[in-house]
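Below is one structure, written out as structure tokens, with a few remarks after it.
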Amino acid sequence: MVIGGLSKLTLLDYPGHLAATVFFTGCELRCPFCHNRPLVLPRGEPTLPPEAVLDFLKSRRGKLDGVCLSGGEPTLQPGLPDLIRDIRALGYLVKLDTNGSRPQVLRAMVEAGLLDYVAMDIKNAPDRYRETCGGVDILPQVRESAAFLLGGAVPYEFRTTVCHPFHDPAAMAEIGRWLAGAERYFIQPFVDSGDLVGRGAAAMTPAELSALLEAVRPYIPAAALRGI
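Counting from 42, one number per residue, gives the positions in the sequence shown under the working numbering.
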């Protein structure tokens with residue numbers, strides 16, 4: 042298991058809870074606009090042993106509510122279920138951030154009662170998924186994961202980080218039709234971290250973001266902008 046970092050306090054990553062965020066190294070996607078290059082494509086960056094994370098969480102019992110597992114892509118880690126069991130044994134809620142590429146892992150963890158909340162990235166409309174993922178085709182797996190979450194087995198949200206040239210109102214309407222009736226769907230603006238996985242991404246204006254939201258809302262009335 043490779044843990045690439047630990048954020049000791051977040052008010053944003055786990056809605057409604059004070060939480061810590063554990064960042065895992067490794068992802069099979071190469072989304073050009075991804076701002077987590079050190080996690081996706083590590084170049085000898087330092088890592089943390091799971092024991093160090095658990096020791097920190099032990100020291101914060103009663104002060105934090107939950108733990109967010111992010112990345113990279115956490116479900117690629119073979120020891121993830123065991124780590125979650127250790128975290129839950131300390132009394133924490135657990136939220137998973139995932140790209141949906143491993144639906145069997147997601148389903149198994151939910152059915153085992155290991156997850157309290159799931160946030161799943163939706164990269165784009167189906168016909169632009171491979172392009173948006175840097176040429177990697179995971180659409181069948183993503184469809185399976187999305188359908189599972191839409192079934193309501195665990196509280197969840199879908200979210201899309203948007204930027205030029207990948208997202209436009211037509212694509213967002215397709216996402217809306219795909220995920221119609223979702224409990225929660227958020228559109229998040231791309232922010233250039235200065236250390237992206239690829240090139241060519243550009244941020245959108247507030248007016249452009251609003252247009253994307255209006256394209257989704259006929260299908261997902263609860264859709265909202267976040268992070269602006």
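Don't be surprised by glycine CBs; every beta carbon is placed ideally from N, CA and C.
Keep in mind the model is a prediction, meaning the values are calculated, not measured.
Reference residue i, options the options, closest by Cα
i	options	result
D209	K164, D233 and G193	K164
C72	K49, V108 and H205	H205
L47	G112, R148, G154 and A130	G112
D178	F189, R143 and E152	R143
R184	V195, A212 and G141	G141
F207	G239, K136 and G235	G239
D162	D236, Y197 and Y133	Y197
M213	G235, A252, A194 and A223	A252
L95	L70, P79, I44 and C75	I44
L82	E114, E249 and A223	E114
V159	E69, R126, L52 and T139	T139
L80	V63, L180 and R101	V63
Simplified DSSP state of residue i, which is helix, strand or coil
i	result
F227	strand
A211	helix
V146	helix
R267	coil
R71	coil
V81	helix
A61	strand
V135	strand
L253	helix
G46	strand
R126	helix
R200	strand
A243	strand
Contact under 8 Å by Cβ, residue i with residue j
i	j	result
L98	A130	no
M150	P167	no
G120	H58	no
H76	L220	no
L250	I216	no
Y260	R218	yes
Q145	F65	no
A263	L254	no
Y226	V195	no
A223	L191	yes
I125	L105	no
L147	F189	yes
Contact set for residue i: own chain, Cβ-Cβ below 7 Å, skip 5 residues either direction
i	result
A243	C204 and H205
Chain-order list of residues whose beta-carbon lies under 6 Å from that of residue i (same chain, five-residue window excluded)
i	result
Y55	G107, C109 and K136
C174	L70, C72 and K164
Other residues of its chain near residue i: CB distance less than 8 Å, five sequence neighbours each side excluded
i	result
M245	V203, C204, H205, H208, P230, F231 and L253
A187	G141, M161, I163, F199, W219 and L220
R169	F207 and A212
M42	F65, P91, Q118, P119, G120, L121 and L124
Check: residue i C-beta below 7 Å from any heavy atom of the ligand HEM
i	result
I125	Judged by which ligands are present, the structure shown has none, so any question about the ligand HEM falls away.
Give the list of continuous beta strand (DSSP E) stretches no shorter than 3 residues that lie fully inside the stretch 85 to 124. If only complete runs of 3 or more residues are kept, the stretch 85 to 124 shows the beta strand (DSSP E) at 107 to 111, in order along the chain.
Continuous alpha helix (DSSP H) assignments of at least 4 residues falling wholly in the stretch 159 to 197: 170 to 173 and 180 to 191
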